[in-house]
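Under our numbering, the sequence shown has 174 at position 170, and the numbering climbs by one with no breaks. Here's the structure, in structure tokens; my notes come after.
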Amino acid sequence: MILIKCDNVALPDALYVIIFPQLVIGYLGAGILCNFSWEERSLERNREEMLILVTGASGYLGGNLCRALIADGHTVRAFVRPSSELSSLGIGGGGEVGDSSLELAYGDITDPPSLLEACAGCEVIFHAAALVEPWLPDPSRFFSVNVGGLRNILQASKETKTIKKIIYTSSFFALGFTDGYVADEKQVHQGKVFCTEYEKSKAIADKIALDAAANGVPIVLLYPGVIYGPGKLTTGNILAHILIERFSGRLPGYIGHGNDMLSFVHVEDLVYGHIAAMYKGQVGERYLLTGENASFIQVLDIAAAITKTSKPRLHIPMWLIELYGWISVFFARMTGKLPLISYPVGFGTLHVL
Numbered sequence: 005m006i007l008i009k010c011d012n013v014a015l016p017d018a019l020y021v022i023i024f025p026q027l028v029i030g031y032l033g034a035g036i037l038c039n040f041s042w043e044e045r046s047l048e049r050n051r052e053e054m055l056i057l058v059t060g061a062s063g064y065l066g067g068n069l070c071r072a073l074i075a076d077g078h079t080v081r082a083f084v085r086p087s088s089e090l091s092s093l094g095i096g097g098g099g100e101v102g103d104s105s106l107e108l109a110y111g112d113i114t115d116p117p118s119l120l121e122a123c124a125g126c127e128v129i130f131h132a133a134a135l136v137e138p139w140l141p142d143p144s145r146f147f148s149v150n151v152g153g154l155r156n157i158l159q160a161s162k163e164t165k166t167i168k169k170i171i172y173t174s175s176f177f178a179l180g181f182t183d184g185y186v187a188d189e190k191q192v193h194q195g196k197v198f199c200t201e202y203e204k205s206k207a208i209a210d211k212i213a214l215d216a217a218a219n220g221v222p223i224v225l226l227y228p229g230v231i232y233g234p235g236k237l238t239t240g241n242i243l244a245h246i247l248i249e250r251f252s253g254r255l256p257g258y259i260g261h262g263n264d265m266l267s268f269v270h271v272e273d274l275v276y277g278h279i280a281a282m283y284k285g286q287v288g289e290r291y292l293l294t295g296e297n298a299s300f301i302q303v304l305d306i307a308a309a310i311t312k313t314s315k316p317r318l319h320i321p322m323w324l325i326e327l328y329g330w331i332s333v334f335f336a337r338m339t340g341k342l343p344l345i346s347y348p349v350g351f352g353t354l355h356v357l
């Protein structure tokens, strides 16, 4: 395993990230934890350089993807909002871009003109932008960003004659729960029950992407599991948040019986899956980018073993979690702050890939 010192932290106690091949576990701090050395692991340096657009470039996945593509010899146009924090791209508060292989294109995925301008001259689009939250006071935002944003990408690519391939980052939540069986690329969301508005929006977008592929759009669909690893502490880095809650004392036990399974994927593996899809992915195909299937009992127990702390002793009943979720959302509507837990609680379903 690798111990990585965490310098920019909010927690007062042990400030380390512990990483080993299956799961990331241990003490996590807030902020930027570390960056990978993508230059040491480029995939295809002998390939011809391309101009590549990456949406969601300021996010956890997007920032790592941009750096990996640059290390692979390409020029990256990072599509970011004017208000985006750009540290994941290695850009400081002044906004200066120190790498000639990185361009910044300012706009919004919900603003077609800015997106069309950003696409100009690009050969590949990585559409990694998404609104990933458990709950929002205005749920329509999930659909304007996750559904409308994809539609805008498809339209912009249609109007940009240089685009050869679109790599669309969906989510394993778009495939729906499995009730214990192991899913494959043929899995389709049944559309009857959605744990969150995020899941619903990604399921709708998934159908749009599949329809586009059937109509000749050069799109490849990727389905990541729960992303983990060091880096920017965003909503997308779910496992990091869970471990922070655990080791800061705000998550005293397992959620429910704790045996529900989720699929996990390390961010580094996920990035290389994206790049492999650019080079070798078949247009119209779906690829599940997942690693270990594990329960939260396994995650928290391994975390306890490696950090030499006690395992959780409690199993928090689902009814209590859901009640707390309703109360949290009630106060969130009053304060405008996101709740720690929203309703309905998605831990009661199985997502095994």
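A virtual CB, placed ideally from N, CA and C, is assigned to each residue, including glycine.
With a threshold of 16 other beta carbon atoms within 10 Å, I331 falls short and is exposed. Scanning D264, I301, A217 for the CA closest to the CA of I171 turns up A217. Scanning its chain for C-beta atoms nearer than 7 Å, with the 5 sequence neighbours on each side dropped, one finds around G125 the residues L55, T166, in chain order. In this structure, DSSP gives L266 an extended state, which the three-state scheme calls strand. With respect to the 7 Å criterion, M322 and G260 are classified as neighbours on the basis of their beta carbons.
Exclusion of the five residues before and after A308 leaves S314, K315, P316 as the residues of its chain whose Cβ lies within less than 8 Å of its Cβ.
Here the stretch 242-261 does not lie against the stretch 285-292, with fewer than 3 beta-carbon pairs under 8 Å apart.
Using a 10 angstroms sphere on the CB of S144, the tally of other CB atoms stays under 16, which defines it as exposed.
Put simply, the backbone Cα of H78 is about 16 Å away from that of K284. With fewer than three CB-CB distances shorter than 8 Å, the stretch 144-156 does not count as touching the stretch 65-83. For F300, the enclosing alpha helix (DSSP H) stretches over residues 300-311. Counting only residues of its own chain and dropping the five nearest sequence neighbours on each side, G180 has a CB closer than 6 Å to the CB of H193, Q194.
Considered as a whole, the stretch 90-158 harbours 106-110, 128-131 as its complete beta strand (DSSP E) runs of no fewer than 3 residues, in chain order.
Note on geometry: alpha-carbon atoms of L225 and A61 lie some 18 Å from one another.
Linking L158 to G220 through their CA atoms gives a straight-line distance of about 11 Å. L214: not part of any beta strand (DSSP E); member of the alpha helix (DSSP H) spanning 201-218, first to last residue. Counted as a single uninterrupted DSSP element, the beta strand (DSSP E) harbouring L292 occupies residues 290-293. The alpha-carbon separation between D215 and Y276 amounts to approximately 26 Å. The continuous beta strand (DSSP E) containing Y232 extends over residues 230-232. In this structure, the beta-carbon distance from I95 to G153 does not fall below 7 Å. DSSP links R81 through a beta bridge to L57, E107. The three-state secondary structure of G66, taken from DSSP, is helix. Here the alpha carbon of E89 sits roughly 11 Å from the alpha carbon of T238.
Going by DSSP, L237 is part of no alpha helix (DSSP H) at all; its letter is neither H nor E.
H131 and G66 have their C-alpha atoms some 9 Å from each other. Its Cα nearest to that of D103, the residue C70 stands out among D264, W139, N156, C70. In terms of Cα proximity to V58, the closest of I320, I212, S87, F83 is F83. V230 places its beta carbon less than 7 Å from that of I242. Taking 7 Å as the cut-off, the beta carbon of S174 is found closer than this to the beta carbon of Y227.
G295 is positioned such that its CB atom lies closer than 7 Å to that of F268.
Excluding five sequence positions before and after I74, the CB atoms of its chain that fall closer than 7 Å to its own CB belong to V80, D103, S105, L106, given in chain order. Beta-bridge analysis with DSSP links H245 to no other residue. Sorting K190, L304, R337, I310 by C-alpha distance to the C-alpha of L318 places L304 at the top.
If you look at H193, you'll find it isn't in any alpha helix (DSSP H); DSSP assigns it neither H nor E. Look at K169 here: in three-state DSSP terms it is strand. Between E127 and K168 a beta carbon distance of about 5 Å is seen, short of the 8 Å cut, so the two are scored as contacting.
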